[in-house]
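A short write-up of the structure that comes next.
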DNA sequence: GCAAGATACCCAAACGTTTGGCCCAATCGT
DNA sequence: ACGATTGGGCCAAACGTTTGGGTATCTTGC
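Chains as they are written, first to last, in my numbering: chain A, 343 to 685; chain B, 343 to 685.
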């Protein structure tokens with residue numbers, strides 16, 4: 343099976359150099375700043391040289407076993423096939439690599455049972471800490487996990503009482519409202535995402551608050567929950583548009599994919615997004631700018647969120663304080679909402 | 343930091359039961375079918391009970407160190423934020439979990455240097471095997487890796503001489519051509535993807551071959567390479583449409599996202615996809631059906647590809663034969679290509 | 001009643017590190 | 001010249017498993 347994979351060990355290096363394995367170990371770890379050096383600089387050089395030559399790579403299992411630290415972090419996301427979380431994870435991974443950490447990632451589909459099972463699985467793998475990208479406003483998993491003394495942070499979504507890195511979602515919602523109000527819109531519909539996700543909740547709340555400041559209210563039947571994907575957006579839009587009475591002139595979806603699905607639903611009714619009805623999405627997915635009708639969206643720093651999330655976790659692991667962070671979103675206006683409401 | 347995380351070990355169980363640690367170990371592994379039992383059934387029951395009660399989880403580092411097997415597989419993909427590969431990875435992970443394996447995944451951005459570095463990183467982590475989702479037709483990394491005796495399989499893309507699970511891409515290309523030819527189209531453009539990816543190469547080849555069978559040829563300046571995302575598709579479409587002479591009546595993009603970008607470019611020129619020019623994509627991404635103009639696409643079994651890929655790898659790890667597989671694509675017709683060319 | 005199997009365990013080594021101590025020789029201070 | 005320091009390195013234990021080999025005790029066949 344493995345014709346030639348004789349892994350190089352410390353002992354091999356030691357034997358070949360006539361040194362003790364502990365000396366080699368110390369030499370390879372010795373930071374120059376250390377007071378008491380592990381060996382003479384000449385010996386250290388010899389050791390380093392041989393290690394490079396033979397391509398020595400420390401066995402991480404042995405190291406973890408000995409040090410009781412795995413340098414592994416577990417990441418839980420609803421789905422990796424959701425571009426938003428995939429991008430957040432890319433940020434996490436990038437930051438992790440910079441710190442010499444590796445990451446396990448797994449899908450939980452936003453199902454509490456799966457979340458719990460995967461959390462256990464991660465702990466069984468002896469991760470040093472966890473990053474939840476799928477925190478639910480309801481549910482007790484986070485509290486229990488915290489009670490067990492497991493270090494973790496949340497990204498993308500937040501839950502009171504736990505460290506998190508999120509987009510300033512209320513602000514994002516406000517920006518969307520401000521933009522549409524500025525164009526003269528007064529009749530809105532909101533596709534609000536899943537009811538258990540703080541992202542959807544906060545974006546919707548911010549939107550409604552800003553509307554209220556201008557004396558505009560959005561009737562409850564114009565605010566519908568939805569999955570965070572295109573199909574969810576289409577279905578939600580269908581539900582909203584099926585209600586009787588005057589149609590909205592603008593639609594805010596808390597997620598770009600939901601917005602895309604909604605645009606499909608609009609088209610099916612002969613409404614042209616951007617002409618007959620304004621549409622604003624959220625996240626400013628790379629796709630948004632390239633769509634046939636480019637989508638106005640609130641850009642959220644997804645990648646950055648991941649990086650900060652991991653940085654917070656390492657701070658937590660080091661016993662340092664790790665205050666939650668909220669990253670600012672920015673409005674990006676495109677053709678799907680660049681004109682006032684019709685007549 | 344860790345208030346209460348006293349990990350349960352074999353020794354704890356053993357001590358508490360007055361048994362030897364090896365007895366406990368055997369008892370917990372004993373498959374009923376084993377001939378020589380590890381202990382009396384009463385003892386085994388006692389052990390199992392206590393293990394459950396205390397929530398014993400074997401330390402994977404200790405196990406890996408001892409058995410020289412990590413039960414880890416490394417997965418390399420161009421980008422996880424590419425929905426196609428993210429979905430393939432979901433399949434891999436699902437199959438891995440079923441086998442008690444865990445997966446590391448990492449982005450290589452299709453850059454040879456990064457691919458090499460990440461391969462090393464995976465091996466340093468002592469993965470049992472690798473799955474490449476980013477194999478390049480050029481380059482020597484695969485050959486070198488094989489020469490080192492590292493077990494691996496390819497998914498999504500193939501390279502001669504290595505085990506792989508792919509979509510039958512030539513067939514998919516043919517299906518696209520057949521569909522468009524059947525509608526009466528004769529003037530084609532092809533957005534062919536990256537030149538080093540077998541997916542793009544094979545899909546394009548299949549398409550052209552099928553055309554040739556009907557005596558239709560696609561001029562070289564109508565076949566353009568592109569990145570596998572919306573922006574790449576838009577740019578490629580712009581290039582194709584900027585060429586002088588009569589415009590094509592149908593466009594085949596080897597990837598849904600490229601197709602979406604292309605539709606944007608068409609719109610910018612006042613061409614209506616589905617009306618003025620037929621568009622066919624590839625992969626049948628969930629988005630395709632929900633777009634404002636639903637996209638005809640060749641459905642590829644992305645999830646399944648991942649599962650099979652992992653299954654092949656485990657077969658390889660078990661020393662069994664692991665022949666390459668090619669999964670069948672299917673055509674899904676939608677509004678972007680459901681009518682004959684204009685006059 | 002006794003050799004031959006089973007049965008039910010225990011022993012100990014090994015996987016590759018890390019790390020607190022220890023030891024020897026050379027250097028230093030005075 | 002001699003005790004103290006220090007530089008350079010060795011020793012051994014430990015992390016938690018797995019596993020090839022024991023060794024008593026109990027059956028069993030005859």
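Quick reminder that beta carbons are idealized off the backbone N, C-alpha and C, glycines included.
The structure presented is a predicted model; accordingly, all values stated were derived computationally and were not measured.
Per DSSP, residue 515 of chain B is one residue of the alpha helix (DSSP H) stretching across 511-525. Neighbours of residue 467 of chain B across chain A, judged by C-beta separation under 8 Å: 402 and 444. Sequence-distant partners of residue 671 of chain A (beyond 5 residues in either direction) whose C-beta falls short of 7 Å from its own C-beta, in its chain, are 509, 510, 513, 514, 517, 640, 641 and 642.
Chain A places no beta carbon closer than 8 Å to that of residue 534 of chain B, leaving this residue out of the contacts. Taking C-alpha positions only, residue 605 of chain A is separated from residue 498 of chain A by approximately 25 Å. Closest in C-alpha terms to residue 623 of chain B, from the list B/602, B/635 and B/616, comes B/602. According to the DSSP assignment, residue 641 of chain A belongs to the beta strand (DSSP E) that extends over 638-641.
Residues 369 and 370 of the same chain have their beta carbon placed closer than 8 Å to that of residue 390 of chain A, with the five preceding and five following residues left out of the count. Neighbourhood of residue 605 of chain A in chain B, by CB distance below 7 Å: 634, in chain order. With the rule of 3 Cβ pairs closer than 8 Å, the region 492-507 of chain A does not count as touching the region 522-537 of chain A. For residue 501 of chain B, the three-state secondary structure derived from DSSP is coil. Assigned with DSSP and collapsed to three states, residue 531 of chain B falls in strand. Straight-line spacing of the CA atoms in residue 651 of chain A and residue 496 of chain A works out to 7 Å. Straight through space, the alpha carbons of residue 358 of chain A and residue 646 of chain A are spaced by roughly 46 Å. Annotated three-state conformation of residue 402 of chain B is helix, per DSSP. Residue pairing by DSSP places residue 621 of chain B opposite B/593 in a beta bridge. Under the three-state reduction of DSSP output, residue 662 of chain B falls in the coil class, being neither helix nor strand. When the beta-carbon positions are compared, residue 468 of chain B and residue 422 of chain B stay at least 8 Å from each other.
Under DSSP, residue 615 of chain A shares a beta bridge with A/619. Assigned with DSSP and collapsed to three states, residue 453 of chain B falls in coil, not helix or strand. Residue 417 of chain A and residue 611 of chain B have their C-alpha atoms spaced approximately 44 Å apart. Cβ neighbours of residue 381 of chain A within its own chain (closer than 6 Å, five residues either side excluded): 365 and 369.
Chain A places no beta carbon closer than 8 Å to that of residue 638 of chain B, leaving this residue out of the contacts. In the three-state reduction of the DSSP assignment, residue 490 of chain B falls in the coil class, being assigned neither a helical nor a strand state. Secondary structure of residue 415 of chain A (DSSP, three-state): strand. Listed along chain A, no residue sits closer than 7 Å to residue 618 of chain B by beta-carbon distance, the nearest being about 13 Å off. DSSP, read as helix, strand or coil, puts residue 473 of chain B in strand.
The residues 355, 358 and 359, in chain order, have a CB closer than 7 Å to that of residue 392 of chain B in the same chain once the five nearest residues on each side in sequence are set aside. Going by beta carbons, residue 683 of chain A and residue 591 of chain A fall inside the 8 Å limit.
In the DSSP assignment, residue 582 of chain B falls within the alpha helix (DSSP H) that extends over 572-584. The beta carbon of residue 527 of chain A sits closer than 7 Å to the beta carbons of 591, 592, 620 and 683 from its chain, once the five residues preceding and following it are set aside; these are given in chain order. According to DSSP, residue 667 of chain A shares a beta bridge with A/507. At a beta-carbon threshold of 9 Å, the residues of chain A lying near residue 602 of chain B are 629, 632, 633 and 634, ordered along the chain. Residue-level contact check: residue 431 of chain B touches chain A, since one or more beta carbons of chain A fall below 8 Å from its beta carbon. Pairing residue 429 of chain A with residue 454 of chain B, the inter-Cα distance amounts to about 21 Å. Assigned with DSSP and collapsed to three states, residue 655 of chain A falls in helix.
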